[in-house]
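Before any comments, here is the structure.
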């Protein structure tokens, strides 16, 4: 696959690169999956594409997606999930281990790898921390690491026992695995349907208090510090107090990192009144105060990554009451437009900061090769138009599931395409 | 236009007042000695009572109201399995609707179910909320308001204390919205463990954990049922201590001039003594009689 991209605005933080050469932009030639030339007014026989007004960045990576295969193929398959990622502008994702069976076994890792082989979107795999996510015995981390796993988590559940968690940290240290926690003190969230606060009081729905998330973050930071030499990552942080705990841990020099989902910086608990079960998440949508703290955390680098927690569910799993309904929403196809609309275009983040959150940092945390936009490097690019105004509709969805409250949402910024070595995808 | 009764929060005050007036009318009819002269108001209408949660008095009250207005009535108490409840609820209601049911009276243990069903039914099918989770129980609040008005006159400026397990009470929520609309001053009285977060802000009312605070000033005291299983879940240490702090004991009755309400069923000897329940300041049995009258008024309004 050979192509020349004309008049692009390139942004590559690692190279301190932001080239646009006002008006004319930069041309970029890709030959056999390698960036062969970057320059002005390149002459070439290759297929060409004019990218005036568009921005080209190192390929975006979503470190937290649920692809549901094996075991729940009625919600999503590896193929449909990776197609959704590609349409959403991602060149890589990391899939979470709450499959059936869970990713507690290298055999499941190789099954998933085989299914994902050859797709434009690279797939990293998160293994479980404990066997079958039960929070009791350690997962076979050596075997998982050997099979290519770089991150472990019992996502969907937190490890309840502090003693088991301590052993997870100690054991994971031997393989330099990123230890990722779904932070939830389960004794405080039994039957919970939404954030505990004004709206849960009014609607009479069982609440999921912010402190239930913060207790586990605090416990794990203390354990990580006590064990020493471990890398700890907080999945989908959603509260002001959580952001504060992580900021303080970083200030003490601990290797603590975290991610936030697009729905946690765009929607509050009030969305439940409008969207019902489509706004039921775990952790739940919080308050404007929490959103403000999350945005501050993104600005000052406390929050390292934006990750979708893409969670496909079949229609009947959402078309029910608030307590029975499944948690989570699909996110791959709305993530970049929501980030551009609510973080970059309103001035909370620069393009460079945004690229760090969506590409540089997740790849670094997972120990993946750094993507650079320079001659001789493999082409791994995300391309978007930051000013394009459009409305997200059901027909834009490539995922097998349709569970999202964002249908009908007006957005500014749209993905144009994704290139990964010899494969490329352009939005119709 | 969809015509449902899902909450008192969103019920216009004019409608509420009209319902109070019409329930007075039906109450007079019910009080007449001798056989009740059935109305033909709902002749040809079919009403399905769907009680996914056990209930005796509310279900019976609705059934009698429906029959006395001449409707055809079917009552279902489907067993709710723990999983995929929603799917079967929706299936159940759509199947019944296909048999030409004009209105559904729905009780469910999860908040929001009547609204969920209403949004999925054709506009000309009505839904009446007979209690959803800990969200609302609008007909209970309406009948309480009607009895309060009968006992105290205009509710503007009257002080009503609602006492007990506010956290798990749809009756408290529906009453707070409605009585506030009618001009009453509301105080929730509950242990801190059974008071929802940000209650003052959400409902625009007062809160306290000290029943003796409101004893002198209250014109009416509404007691809520305490469920014994709350003790096992750590909400309060024991029934003796609960009664001492939040029971309307004879000693407290003597210090208060308030009329007493209770939505039932009552734990005799805990929230109230039997002598109080059947005493002269008690509205408890009147609430039950008013229940049928109010549900007749609601049905008349829904189908008007």
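Residue numbers (my numbering), protein chains in the order written: chain F, 2 to 429; chain X, 101 to 404.
Every residue gets a Cβ at the ideal spot worked out from N, C-alpha and C, and that includes glycine.
Query: Nearest neighbour of residue 279/X, chosen from 103/X, 112/X and 102/X [CA to CA]; Result: 112/X
Query: Rounded separation between residue 338/X and residue 372/X - CA only; Result: 16 Å
Query: Whole-number beta carbon distance between residue 283/F and residue 328/F, since they are thought to touch under 8 Å; Result: 4 Å
Query: Where residue 296/F falls: helix, strand or coil (DSSP); Result: helix
Query: Three CB pairs or more closer than 8 Å across the segment 389 to 405 of chain F and the segment 228 to 248 of chain X; Result: no
Query: For residue 275/X, three-class secondary structure by DSSP; Result: helix
Query: In DSSP terms, what residue 128/F is bridged to; Result: 153/F
Query: With 16 other Cβ atoms within 10 Å as the buried cut-off, status of residue 361/X; Result: buried
Query: At least three beta-carbon pairs within less than 8 Å, the segment 69 to 88 of chain F to the segment 363 to 381 of chain F; Result: no
Query: Short CB-CB distance (under 9 Å) between residue 323/F and chain X; Result: yes
Query: Any chain X beta carbon closer than 9 Å to residue 72/F; Result: no
Query: First through last residue of the alpha helix (DSSP H) which encompasses residue 79/F; Result: 79 to 88
Query: Cβ separation of residue 419/F and residue 383/F, assumed to be a contact under 8 Å, to the nearest whole Å; Result: 6 Å
Query: Beta carbon proximity, residue 309/X to chain F, threshold 9 Å; Result: no
Query: Alpha-carbon spacing of residue 109/X relative to residue 303/F, whole angstroms; Result: 41 Å
Query: Beta carbon proximity, residue 199/F to chain X, threshold 9 Å; Result: yes
Query: Local conformation of residue 225/X per DSSP, three classes; Result: coil
Query: Within chain F, partners of residue 298/X - CB distance below 8 Å; Result: 198, 199 and 202
Query: heavy atom of the ligand GDP below 8 Å from residue 360/X C-beta; Result: Ligands displayed in this structure: none; no statement on the ligand GDP is therefore possible.
Query: Contact the segment 96 to 114 of chain F vs the segment 133 to 146 of chain F: 3+ CB pairs below 8 Å; Result: yes
Query: Rounded C-alpha distance that separates residue 262/F from residue 399/F; Result: 19 Å
Query: Sufficient close CB pairs (3 or more, under 8 Å) joining the segment 74 to 81 of chain F to the segment 312 to 329 of chain F; Result: yes
Query: Coarse secondary structure for residue 268/F, derived from DSSP in three states; Result: coil
Query: Enclosing alpha helix (DSSP H) for residue 218/X [first to last residue]; Result: 213 to 220
Query: First and last residue of the uninterrupted alpha helix (DSSP H) at residue 353/X; Result: 350 to 355
Query: Residue 318/F to residue 313/X span [Cα, whole Å]; Result: 47 Å
Query: Under 9 Å between C-beta atoms of residue 299/X and residue 307/X; Result: yes
Query: For residue 38/F, the residue or residues it bridges with in DSSP; Result: 30/F
Query: Span of the alpha helix (DSSP H) around residue 424/F; Result: Premise fails: residue 424/F lies in the beta strand (DSSP E), 424 to 427, not in any alpha helix (DSSP H).
Query: Through-space distance from residue 311/X to residue 355/X, alpha-carbon basis; Result: 12 Å
Query: Residue 179/F, enclosing beta strand (DSSP E) - first and last residue; Result: 179 to 182
Query: Proximity test, Cβ basis, 9 Å: residue 273/X and chain F; Result: yes
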